[in-house]
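Structure record follows, encoded as structure tokens.
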Amino acid sequence: MTISPEALALATKVEAFVRDVVIPFEKDPRRDHHGAPLDELVYELREKARAAGVLTPHVKPDGSHRTQRETAAILIRSGLSPLGPLACNTNAPDEGNMYLINHVGSPELQARFLKPLVEGRARSAFLMTEPAEWGGAGADPSMMKTLCEPDGNHWVANGRKCFITGYEGASVGIVMARAAEGACMFLVDLPDPAIRIDHIPDTIDSSMPGGHATLTIDNLRIPADQMLGQAGEGFKYAQVRLSPARLSHCMRWLGCCIRAQEIATDYACRREAFGKPLIEHEGVGFMLAENKILIKQCELMIDWCAGVLDTGDLGTVESSMAKVSVSEALMKIADNCVQVMGGTGVTGNTIVETVFREIRAFRIYDGPTEVHKWSLAKKIKREWKAVQAS
Ligand SMILES: Cc1cc2nc3c(=O)[nH]c(=O)nc-3n(C[C@H](O)[C@H](O)[C@H](O)COP(=O)(O)OP(=O)(O)OC[C@H]3O[C@@H](n4cnc5c(N)ncnc54)[C@H](O)[C@@H]3O)c2cc1C
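What follows is the structure, given as structure tokens:
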């Protein structure tokens, strides 16, 4: 499936918007004490994106999502600045949440919870992970301990959650909890007094408004008609969200690394040491060359996986492979950029230092590298067994 000329033109427009309008805001002081952009800044940028015709560009005017290949062309460009996805409304977790509600939500739930997200007037949070010290769901979601049970025409949920990106300031929440039937998903209005923020930890990254909150859910009453899909199908819906959401992280962070490579290249071509530009020293030139190869590898992995998802396949294995390959490559690219730039690379003088910090957690969320490899190894063994049996 090819990318339509219209989608390509939109992607070009997104790139121009991020480079010309968003990047000058990277030094804007409107940040919280964790360094995350304040909503005041986010919504100001969204108004600019709206005016430029690049707000929520991955969703078509009729409300349907663009193909994954078209989404890739757009999201890579929106990622050229860590602020770009926030400005264009292509950021996590909203982008994945919009996808999920679009694919699983009833028309009524879509009108109430999806519309404000697509219009860029609200932020959302996805509440799945639970604290390790509580023995809850982490790399293994089947350990989910947050429980829910029916009570008249409501459900009541109790439990704990952690690392909930963007919870503070979000007005739409997708809560996962376990019922007798199995895992369930609910759409809830936020804030709700039954969900308490215990704490927002300091983290290595700082680009997500609201940070990554630790929460206690204490007798949260949810109207039964706010269940997303059917009771017991929660993990299935998580899979619907998972592959495209993993892939869109790959897209956005690839955009960030392309920008870091541009900055490191500029530094290495201008800065001299031992009588010649840094890039002419093999050690430096090779790092930039390795980055160029890795960037192409990431583009190809994203394109391959996007193509699989565009056939309607869930792409669980392909997105797993793409996620590992891209997140590991991006970490290397970001590290090389810091190294090429010497001391300047670890200062806040350029965005390279931010990109390096932001990329680190991507090797953990949406499935740590080791979990993806572990599950691929199980598949390899199954395939081997099938061959032996044939
Ligand atoms: C920045 C950030 C944002 C996040 N945002 C959200 C969010 O919005 N909503 C949400 O619900 N969650 C979110 N998460 C949580 C994220 O999905 C979890 O951190 C992830 O699933 C891992 O769970 P855990 O941290 O409990 O690690 P653990 O389950 O404690 O695992 C720790 C490590 O053990 C190793 N490991 C685990 N299982 C295996 C295995 N089978 N084989 C080999 N090694 C293994 C891996 O190296 C793993 O990193 C976020 C996390 C981060 C860091």
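Take 104 as the starting number for the sequence shown in the numbering used here and just add one per residue. All C-beta atoms, glycine included, are put in the ideal place defined by N, C-alpha and C.
Which residue comes first and which comes last in the beta strand (DSSP E) that contains residue i?
i	result
residue 142	Taken as a continuous stretch (DSSP letters only), residue 142 belongs to no beta strand (DSSP E), being part of the alpha helix (DSSP H) at 142-155.
residue 227	227-230
residue 302	298-302
residue 315	315-326
residue 257	257-268
residue 158	From DSSP, residue 158 is part of no beta strand (DSSP E); its letter is neither H nor E.
residue 253	250-254
residue 290	285-292
residue 275	275-282
The alpha helix (DSSP H) with residue i in it runs from where to where?
i	result
residue 109	108-120
residue 343	337-373
residue 459	455-463
residue 393	385-413
residue 425	419-443
residue 474	472-492
Does the Cβ of residue i lie closer than 7 Å to at least one heavy atom of ligand 1?
i	result
residue 126	no
residue 477	yes
residue 315	yes
residue 260	no
residue 268	yes
residue 271	no
residue 473	yes
residue 424	no
residue 468	yes
residue 235	yes
residue 249	no
residue 347	no
residue 196	yes
residue 434	no
residue 230	yes
residue 308	yes
residue 243	yes
residue 464	yes
When burial is assigned at 16 or more other CB atoms within 10 Å of the CB, is residue i buried or exposed?
i	result
residue 356	buried
residue 166	exposed
residue 118	buried
residue 377	exposed
residue 331	buried
residue 433	buried
residue 403	exposed
residue 389	exposed
If you measure between the beta carbons of residue i and residue j, is that distance less than 8 Å?
i	j	result
residue 290	residue 333	no
residue 364	residue 398	yes
residue 362	residue 184	yes
residue 425	residue 345	no
residue 275	residue 250	no
residue 391	residue 441	no
residue 323	residue 300	no
residue 226	residue 413	no
residue 340	residue 447	no
residue 200	residue 277	yes
residue 175	residue 409	yes
residue 396	residue 316	no
residue 354	residue 186	no
residue 129	residue 454	yes
residue 205	residue 152	no
residue 313	residue 112	no
Quiz item: Which parts of the stretch 179-208 are runs of the alpha helix (DSSP H), unbroken and 4 residues or longer, counting only runs that do not cross its ends?
Solution: Qualifying alpha helix (DSSP H) stretches, in chain order: 187-191 and 197-207.
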